[in-house]
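Below you'll find the structure, written out as structure tokens, and then a few comments.
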Amino acid sequence: MIQMKAKVIKGARILQEAVTTQHGTDHEYTTTGLNHRKLLMWAFLGSDCMFFGSLIATYMVYYGKSKVGPFPEDLFSIPITSVSTFVLLMSSMSMVLAYAAIRKGSLKGFRVWILSTALMGMTFLAFQVFEFYEFANHEVHFDCSQVGTGNLSAFEESFQNECIEGVTTVDGIHDSDGNNLTGLTPKTNLFGTTFFTLTGFHGAHVTLGVIWLLSLFFYSFRGGVTRERDLDVDLAALYWHFVDIVWIVIFTVVYLFGVFPGFPES
Amino acid sequence: MTTSILSRPIHPTGLWAWLTTIDHKRIGILYGVTAFIMFLSGGIEAMYIRLQLAAPEQELVSPEIYSQLFTMHGTTMIFLAIMPMGAAFFNYLIPLQIGARDVAFPRLNAFSYWTFLGGAVMLKSSWFLGGAPNAGWFGYAPITSSAYNPGHGIDFWILSLQILGIASLAAAFNFIVTIINLRAPGMSLMRMPIFTWMTFVTSILLILAFPVITVALIEVMFDRFFGTNFFNVGAGGQPLLWQHLFWVFGHPEVYILILPALGIIAEVIPTFSKKPLFGYPVVVLSGVVIGFMGWMVWSHHMFTVGLGPVANSVFAVTTMAIAVPTGVKIFNYIATMWKGSISLTTSMLYAIGFIFLFVIGGLSGVMHSSAASDAQQQDTYFIVAHLHYVLFGGSIMALGSGIYYWFPKMTGRLMDEKLGKLNFLLVFIGMNVTFFPMHFLGLDGMPRRIYTYDSDMGWNLWNAVSSVGYLILALGVLILIVNIIWSVLSGEKADGDPWDARTLEWSMSSPPPEYNFEHIPIVHGIDPYWEQKREGLSTVPISGGSGDDDSHGIHLPQPSYWPLLASLGLFVSGYGLVYLSSSIGLVVSIIGAAITMVAVYAWSFEPVNDPDEGEGH
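Quick mapping for you: the protein sequence lines, in order, are chains A and B.
If you're matching positions, the first sequence starts at 1 in our numbering and goes up one per residue.
If you're matching positions, the second sequence starts at 1001 in our numbering and goes up one per residue.
So this is what it looks like as structure tokens:
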């Protein structure tokens, strides 16, 4: 018994040594063996789940509650957004390859893949900017003969009064100054408010991620990214994958449910 | 490697030492002092409220000012006093209790404090910059929309709460990682002190609850700044959404305020009863259950909005159920005292006062957990009485207990017990005289948040009594201040372990050396320091409190400017955003964001220890 105790104490002494000598380095002693920063990142992601959860909940609460158009089905182009979604998902793969490269110590491979990840992130953002611009400048075009046939969306039908005597097609609705009156902005309706806020905050997350990835890319030329410090890449990867996963939820809830029937309207 | 623009402060002195400190003990003291000052400022706001209501039909303050007073009183006490006072104890004690040299991220810790200070100053400055917020601490929509509230008060409220949220989140991440990862060898989860456990649960609640209020505040902010429709009823927006988001945050927030208090009590009572805590695993479990169930009760704040009988019943049942783990804790505390050798120090008196008052608050809580009963009590002074019994009688009493308990550890001097007992007596009596009559007023139908009342309503007597109670309470707090100042200057010197206490923080000198533990201790049980003292287990090496002696060869993380600058940037951009409608505001907010950006960049490239400069140490 006493011997055992002595053994325990000896073992603990060794641990103590580890604590005193390695404090402050990347490989310091921790109770669980997990790195501090990695644990922090997981805690942050858990917290961020609640952030996006609240934004998505707000979007869903207000789904179908807009009093005026345009509505999701007037604006969303699933093929286009599918492309940007695909690009973002592929960027997760190149992120994995970048991490794998640095784990193997291949700096060249790391640079190639981290840069492609950042570029794909930027491509996604470009799509988003394009999409926002398109939505804000959305115009209604329809043939007056279609009014009442069921071929027009509710939003287009709401402009049937434009089809006065002698007008056969409606080509955009403008006020006296020529401003487009059928675009979607955050002020237009609840859909605009919740859509731009939710996807805008996701876009901000992607932007931050791109800055982070580019920082790692440039830092690698100053010797800052090494095999021993692969954790720096690992953390960026965790963040990046998380932002991707959030987009999958947004794409499903906002885009797919917005265009295809089946999502309950209350 | 070093990319610092500013040269690193290696051994700063005086003010710079405090501004650049990353020592958890110093940050804890900064938190405590700031929170105490904020507590006093919230108390002054309460003073105006009690003076105004002391007699009927008074015109001491205008209705407009009165709305600002109760809003600021609530917001101050919750976000600027009780939460940071808890954070002060987290900071000072957690590394000591788990046997660590510092928190996991010392610089992030400094950032938390400075950001908190910025948010606090910003909120308080609204008094002098065109009027304080006036929509209640819960800021119900659409009172907060620019249509009904065009001034800048609400903007200050939104942005300072966002800044305070960043501070709380950063601190909570830090403590989660610290508690999981920096426990001394042998300190398994089920050997952690209860205060550490409750800090852990509180931190998890924080990181999950604050994002929700962040989103809710963003929505109000966008409505005000950019004309969005979140709470615009004309466009179909639903003010009820705000209530849900607010209380999904707000109810866990209640437990964020009370769990640290329950943790403090669980440290104080065993020490002064000379008995181990009764039912340690059950106390831990009930704390975790409270943290979990805290998410299932939020709609009991909304029983009267018409959610329907099903929702009301469900939330009534969950609310009654959450009283069970809370009651379990109370029984454990009482059982710990049972047949113990109790010494009635001021700290212990506060702890016993806590049990007494918190039970009263808990019982009135169970009363309005019944939705039918709550319909009579909603928005009356009965609720005011309840919440002050749990927040003052609960949190503040426990914090008072904690101050008296750990003061010798923090300063190396004991607090005066005679003054302490007088202080406790006045606070205890004052608190009851102030808040107990509010039960009667509430049941008699006096609504909350009214700035005055008719003399024939029958509320004159108890309002007058309540205001007298405030004076007694204020006198008690004054004596606490006198006691603290006197004790810091010339209190009796305390050795490392003045109370014959159980946990690791008492195994070192008072105040502890900068590096805390010369040798990281090895933990064999729940009360490691008692075991060391009683059973002669010499596995907890007593650290030499030799202060500046360098022979230990321990290299601590070095001080840094960057956390302070990052916080400063947030503070500046907060002010800029309040005045976003003007171009100056826009420029200022961009400058602030740029400062934060640069500081965060420099921070992430700054090594924890500068290898070159550390040598001269």
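In this text, a Cβ means the ideal position worked out from N, Cα and C, and glycines have one as well.
Through-space distance from residue j to residue i, alpha-carbon basis
i: Q1162(B); j: F1246(B); result: 13 Å
i: A237(A); j: V83(A); result: 22 Å
i: T1071(B); j: S1313(B); result: 30 Å
i: G1547(B); j: M41(A); result: In this prediction, G1547(B) has a pLDDT of 40, which is less than 50 and means its spatial position is unreliable; what the coordinates show is noted afterwards. When rounded, the distance between both Cα atoms is 35 Å.
i: V246(A); j: V1177(B); result: 24 Å
i: A100(A); j: V1212(B); result: 35 Å
i: H1439(B); j: R1050(B); result: 16 Å
i: G952(B); j: G148(A); result: The first residue shown for chain B is 1001 and the last is 1617, placing residue 952(B) beyond what the model contains.
i: K1493(B); j: D1500(B); result: 15 Å
i: A1335(B); j: F1278(B); result: 6 Å
i: G121(A); j: V206(A); result: 7 Å
i: V1310(B); j: F1303(B); result: 11 Å
i: G1362(B); j: V1288(B); result: 18 Å
i: A1351(B); j: I1265(B); result: 6 Å
i: A1323(B); j: R1502(B); result: 29 Å
i: I250(A); j: T199(A); result: 8 Å
i: L1159(B); j: R1107(B); result: 23 Å
Residue environment, residue i, which counts as buried when at least 16 other CB atoms sit within 10 Å
i: R1534(B); result: exposed
i: I248(A); result: exposed
i: V254(A); result: buried
i: I1044(B); result: exposed
i: W1338(B); result: exposed
i: T117(A); result: buried
i: R1413(B); result: buried
i: K1274(B); result: exposed
i: W1298(B); result: buried
i: W1459(B); result: buried
i: R227(A); result: exposed
i: V1477(B); result: buried
i: A43(A); result: buried
i: W113(A); result: buried
i: A1447(B); result: Rather than Ala, the amino acid found at residue 1447(B) in this sequence is Pro. Exposed is the call here.
i: F86(A); result: exposed
i: P1557(B); result: buried
i: F221(A); result: exposed
i: E1606(B); result: buried
i: R103(A); result: exposed
For residue i, three-class secondary structure by DSSP
i: K1409(B); result: helix
i: D1497(B); result: coil
i: P1447(B); result: strand
i: H1301(B); result: helix
i: H174(A); result: strand
i: N137(A); result: coil
i: N1516(B); result: coil
i: S1543(B); result: Note on S1543(B): pLDDT 45, under 50, position unreliable in the model; no value is reported.
i: P1150(B); result: coil
i: D1454(B); result: coil
i: W1486(B); result: helix
i: V1061(B); result: coil
i: L1580(B); result: coil
i: A1135(B); result: coil
i: H23(A); result: Per-residue confidence for H23(A) stands at a pLDDT of 41, beneath the threshold of 50, marking its modelled position as unreliable; the derived number appears in the next sentence. Three-state DSSP puts H23(A) in coil, outside helix and strand.
i: V1103(B); result: coil
i: I114(A); result: helix
i: H124(A); result: Checking the sequence shown, residue 124(A) turns out to be Phe, not His. Looking at F124(A) - three-state DSSP - the assignment turns out to be helix.
i: P186(A); result: coil
i: V1477(B); result: helix
i: P1563(B); result: helix
Opposing strand residues paired with residue i [DSSP bridges]
i: D143(A); result: T169(A)
i: N1332(B); result: Answer is none; N1332(B) lacks a bridge partner.
i: T1380(B); result: P1447(B)
i: N180(A); result: H174(A)
- Which runs of the alpha helix (DSSP H), 4 residues or longer, sit entirely within the stretch 25-68 of chain A? Whole alpha helix (DSSP H) segments, 4+ residues: 36-61.
- Task: Taking only runs that begin and end inside the stretch 1275-1322 of chain B, name each unbroken alpha helix (DSSP H) of 4 or more residues, in chain order.
- Result: The stretch 1275-1322 of chain B contains, as complete alpha helix (DSSP H) runs of 4+ residues, the segments 1280-1293 (chain order).
- Run through the stretch 1162-1230 of chain B for me and flag every whole beta strand (DSSP E) of 3 or more residues, listed as ranges in chain order. Those beta strand (DSSP E) runs which fall completely within the stretch 1162-1230 of chain B and span 3+ residues do not exist here.
- Item | Contained alpha helix (DSSP H) runs [length at least 4] in the stretch 210-251 of chain A, N- to C-terminal order | Listed in chain order, they are 230-250.
- Task: With a floor of 4 residues, list each alpha helix (DSSP H) that falls wholly inside the stretch 1010-1062 of chain B, ordered by position along the chain.
- Result: DSSP assignment within the stretch 1010-1062 of chain B yields the following whole alpha helix (DSSP H) runs of 4 residues or more, N-terminal first: 1014-1019, 1024-1053.
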